[in-house]
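Offset between the sequence shown (1-based) and the numbering used here: plus 412.
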Amino acid sequence: MAVCYRDLGLVNTREMFAKAMEGKYAIPAYNFNNMEQLQAIISACVETESPVILQISKGAREYANQTLLRYMAQGAVEYAKELSGGNAIPIAVHLDHGPDFDVCKSCIDFGFSSVMIDGSHLSFDKNIEETRKVVEYAHQHDVTVEGELGVLAGKEDDVEAEEHIYTQPDEVEEFVKRTGVDSLAIAIGTSHGAFKFKPGTDPKIRLDILAEIERRIPGFTIVLHGSSSVPAELVAIINQYGGKLKDAIGIGEDQLRKAAKSAVCKINIDSDGRLAMTAAIRRVLAEKPAEFDPRKYLGPAREALKELYMHKNVKVLGSAGHAFD
413 MAVCYRDLGL
423 VNTREMFAKA
433 MEGKYAIPAY
443 NFNNMEQLQA
453 IISACVETES
463 PVILQISKGA
473 REYANQTLLR
483 YMAQGAVEYA
493 KELSGGNAIP
503 IAVHLDHGPD
513 FDVCKSCIDF
523 GFSSVMIDGS
533 HLSFDKNIEE
543 TRKVVEYAHQ
553 HDVTVEGELG
563 VLAGKEDDVE
573 AEEHIYTQPD
583 EVEEFVKRTG
593 VDSLAIAIGT
603 SHGAFKFKPG
613 TDPKIRLDIL
623 AEIERRIPGF
633 TIVLHGSSSV
643 PAELVAIINQ
653 YGGKLKDAIG
663 IGEDQLRKAA
673 KSAVCKINID
683 SDGRLAMTAA
693 IRRVLAEKPA
703 EFDPRKYLGP
713 AREALKELYM
723 HKNVKVLGSA
733 GHAFD
């Protein structure tokens with residue numbers, strides 16, 4: 413039996429993006445796989461009064477079970493109300509990198525309020541065809557859809573590509589018109605995973621391509637994937653306590669802040685959260701080798717993740733204070 417996301421207390425991304433576009437900020441899109449990550453995301457966004465998109469990948473659905481995730485999402489809304497004294501921040505649940513129509517349909521039927529169909533590996537026409545199919549089904553249920561043009565290099569969960577292919581601005585207008593998507597993920601130099609760029613380089617995102625895309629589809633919502641900054645201090649902590657994360661480099665937060673002031677209304681951040689949690693866990697286990705209670709190392713990991721996401725909302729995305737606009 414299909415579940416409507418509104419019955420879970422969720423919202424789709426349409427109004428979120430409209431307000432973000434007007435306010436010149438980006439909605440945080442944070443991935444989660446377990447309870448501690450979800451707690452950190454919700455508490456960080458409640459305390460900073462930020463709307464949020466909870467992202468679930470195909471791999472996360474397989475890891476955590478789709479039925480459990482549905483009830484966790486519903487619980488997140490109630491948890492947000494509890495933390496805020498009854499007035500929940502806007503929360504959307506989004507499928508990240510949906511591989512095909514069947515997975516997207518399953519997520520819509522399980523109460524997701526937004527889905528991404530990633531046809532970026534297909535030909536232009538096949539991408540349009542597959543994306544349009546998802547849009548037609550999703551819009552029947554008032555679920556919003558994100559498409560993608562261009563290919564990000566790197567690896568994260570089931571998504572992997574060796575070569576970066578920039579989004580071609582002359583394709584975006586036709587793609588948006590023929591598919592009916594609500595938002596478009598583009599490739600302008602961000603990259604999946606923690607090992608994004610070679611040591612000694614100064615990674616820059618192609619703000620010129622972004623500007624040209626904005627010119628061609630004015631007022632349309634743009635999404636950036638692979639936007640973790642890979643903080644050097646977190647990498648250092650991980651390596652100090654036995655890790656081997658050599659040459660991990662990400663996107664500068666100053667560049668993401670510039671992008672968030674444009675038509676980029678959604679920025680995906682996952683690897684930074686993984687780094688924050690791993691650094692905290694490694695520190696506890698190294699400093700207290702007799703510890704075996706998961707709460708004693710997952711608790712600090714949760715707090716480290718919360719602190720990271722509060723920083724992102726305030727200093728990088730600019731979403732803090734906009735939950736109740």
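A virtual CB, placed ideally from N, CA and C, is assigned to each residue, including glycine.
Item, Value
"Sufficient close CB pairs (3 or more, under 8 Å) joining the stretch 547-562 to the stretch 526-536", "yes"
"Beta-carbon proximity list for Thr579, same chain, < 8 Å, skipping 5 on both sides", "Leu561, Gly562, Ile598, Ala599, Ile600, Ile621, Ile625"
"Where Glu395 falls: helix, strand or coil (DSSP)", "Because the chain spans 413 through 737 in this model, residue 395 falls outside it and cannot be assessed."
"Where Lys658 sits in the DSSP three-state scheme", "coil"
"Three or more C-beta pairs below 8 Å linking the stretch 714-728 and the stretch 688-696", "yes"
"Runs of beta strand (DSSP E) wholly within the stretch 490-557 (minimum 3 residues, chain order)", "503-510, 526-529"
"Three-state secondary structure (DSSP) of Ala441", "strand"
"Length of the line joining the Cα atoms of Thr479 and Gly531", "26 Å"
"Sequence-distant residues of its chain with Cβ nearer than 6 Å to Gly685 (five each side left out)", "Leu717"
"Any C-beta of chain B under 8 Å from that of Cys516", "The structure shown has no chain B; it contains just one protein chain."
"Sub-8 Å separation of Gly733 and Arg669 beta-carbons", "no"
"Collapsed DSSP secondary structure at Lys608 in the structure displayed", "Note that Lys608 has pLDDT 48, beneath the 50 cutoff, so the model's placement of it is unreliable and the number below is only indicative. Lys608: coil per DSSP, three-state reduction."
"Span of the alpha helix (DSSP H) around Val676", "Unbroken run through Val676 is the beta strand (DSSP E), 676-681; no alpha helix (DSSP H)."
"Distance, Gly654 Cα to Ala414 Cα", "46 Å"
"Contacting residues, own chain, Cβ-Cβ under 7 Å from Pro581 (five flanking each side not counted)", "Ile621, Glu624, Ile625, Arg628"
"Distance, Gly559 Cα to Arg618 Cα", "19 Å"
"Unbroken beta strand (DSSP E) run spanning Gln467, endpoints", "464-469"
"Pairwise C-alpha distance: Ile650 and Lys656", "8 Å"
"Classification of Met428 by the beta-carbon crowding that lies within 10 angstroms, buried from 16 upward", "buried"
"Span of the alpha helix (DSSP H) around Thr425", "Unbroken run through Thr425: none, as it is neither H nor E."
"Reduced DSSP category for Leu717 - H, G, I as helix; E, B as strand; rest coil", "helix"
"Cβ neighbours of Lys432 in the same chain (closer than 7 Å, five flanking residues each side left out)", "Per the sequence shown, the amino acid found at residue 432 is Ala instead of Lys. Contacts found: Ala438, Ile439, Cys677."
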